[in-house]
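Below is one structure, written out as structure tokens; the observations come after it.
Numbering (our numbering), first residue to last: 8 to 472.
Written out as structure tokens, the structure reads:
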């Protein structure tokens, strides 16, 4: 696997982690800033999400990788058109700093410069510290990397060996460095841009998200995601780590089919700011027909009560309008006819529970029913149907929270990379019914970071200068 595919693999694994958060359908505490409170039922708005991950690479591993690349890339020497050949190797520990969109590298190397022709026996030896400044940007979805040799300083001034006598020739060494430094910097930039091709990453994302990222209920309900933008935040270097903020913007829905507006075209950018908080907003578009089938499996042909109060449910049909859910039951026994149940699903942030508020039952058509029997039937409806729906939803809540915590506790999302984080808050907002679908907004607030424990050097592409 080359660096490009290796990088793509990292991105896709991170995205797959996101999708695991979507398999549960409910939530908790209010987050008033996530969604406005005056949403209407006429046109539910699809809100975007942002996943912010600070990727940390330890200095020791970073130095190890750079040492490997320098050693491998320069091991055979640099051959230039004028016949000069320069061999170099690391001559001490390197130093790396990073700030915003710049990387600063102090590279101590020993050099051996050999001319061609009759002077090939004269070798210039020395030790020099090279200070590189690299600036990166993303323009028109392409990575732009510009490296400059900002400063060099001889730690061991170059000398030439002539008939066994070492003669100092610092001026010649400086001349050669000045002449070829741009070629060296261009080669560094070319190596980086060849390894990180954003168009290939975009194609990989497009292909990945053409299919559901998660499916359940026997592949009837799916999570679909639409990547919008992937951004790099301001990088930095601490005493221990190189920190690379990654910001991923996307839309996601819970539905039976892919939304027509999802085109999976992902752009790339550089952002000047980074927030540790991630905000996930998932919109439910579950067909009422699907929920109706679940309810029928649960209560149709069931008999409740006994004696004169025994009621058997022959059929059930679910509808919804505004924020109300309606279930029409056709019954026989103590009451032969149709009963209409209505209620409003609401989330209680204090108790972290979903309750069915304003529960009502009404006899629609059929023979008359006395008050005593009706009271029994109503009690059965509240006990068996209302409680059952509430229990199922709240068990889903508990499962959601438990599994998210489990995934965020030092979860190895790929070989050599560990994800750490915690779920700060989660919320279920604005349950409503529109166009024969159940809409709601699942919001989760997370903080997470990815720790790169080890980089497989065998998967790196080496660029020979």
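Cβ atoms here follow ideal geometry from the backbone N, Cα and C, with glycine treated the same way. These figures come from a predicted structure and were not determined experimentally.
Start and end of the beta strand (DSSP E) containing residue i?
i           : result
residue 177 : Here residue 177 belongs to no beta strand (DSSP E); instead the alpha helix (DSSP H) covers 177-202.
residue 337 : 331-340
residue 209 : It is not in any beta strand (DSSP E) - residue 209 instead sits in the alpha helix (DSSP H) that spans 205-215.
residue 112 : 109-121
residue 249 : 248-262
residue 392 : Note, residue 392: premise wrong, no beta strand (DSSP E); not H, not E.
residue 319 : 318-328
residue 140 : 131-146
residue 236 : 228-239
residue 278 : Segment: none, residue 278 is in no beta strand (DSSP E) and carries neither H nor E.
Please identify the residue among the options whose C-alpha is closest to the C-alpha of residue i.
i           : options               : result
residue 245 : 437, 102 and 408      : 102
residue 275 : 321, 143, 313 and 351 : 143
residue 358 : 237, 422 and 401      : 401
residue 256 : 56, 105 and 166       : 56
residue 443 : 299, 161, 284 and 409 : 299
residue 59  : 73, 360 and 284       : 284
residue 293 : 462, 157, 223 and 308 : 223
residue 189 : 201, 178, 155 and 220 : 155
residue 252 : 64, 451 and 408       : 64
residue 194 : 425, 333, 365 and 77  : 77
residue 395 : 453, 455 and 304      : 304
residue 447 : 68, 329, 333 and 122  : 329
residue 146 : 204, 135 and 176      : 204
residue 225 : 363, 215, 301 and 439 : 301
residue 354 : 413, 323 and 435      : 435
residue 461 : 450, 419, 104 and 449 : 419
residue 51  : 273, 233, 291 and 209 : 291
State yes or no: is the C-beta of residue i within less than 9 angstroms of the C-beta of residue j?
i           : j           : result
residue 250 : residue 437 : no
residue 259 : residue 230 : yes
residue 165 : residue 132 : yes
residue 206 : residue 153 : no
residue 484 : residue 138 : Here the chain has residues from 8 to 472 only, and residue 484 is not among them.
residue 360 : residue 339 : no
residue 281 : residue 241 : yes
residue 261 : residue 306 : no
residue 458 : residue 425 : yes
residue 141 : residue 129 : no
residue 69  : residue 97  : no
residue 334 : residue 349 : yes
residue 135 : residue 162 : yes
residue 271 : residue 213 : yes
residue 346 : residue 384 : yes
Considering residue i, what are the terminal residues of the alpha helix (DSSP H) in which it resides?
i           : result
residue 304 : 295-306
Between residue i and residue j, how many whole angstroms is the CB-CB distance? I'm expecting something under 8 angstroms.
i           : j           : result
residue 427 : residue 456 : 6 angstroms
residue 393 : residue 366 : 6 angstroms
residue 387 : residue 312 : 6 angstroms
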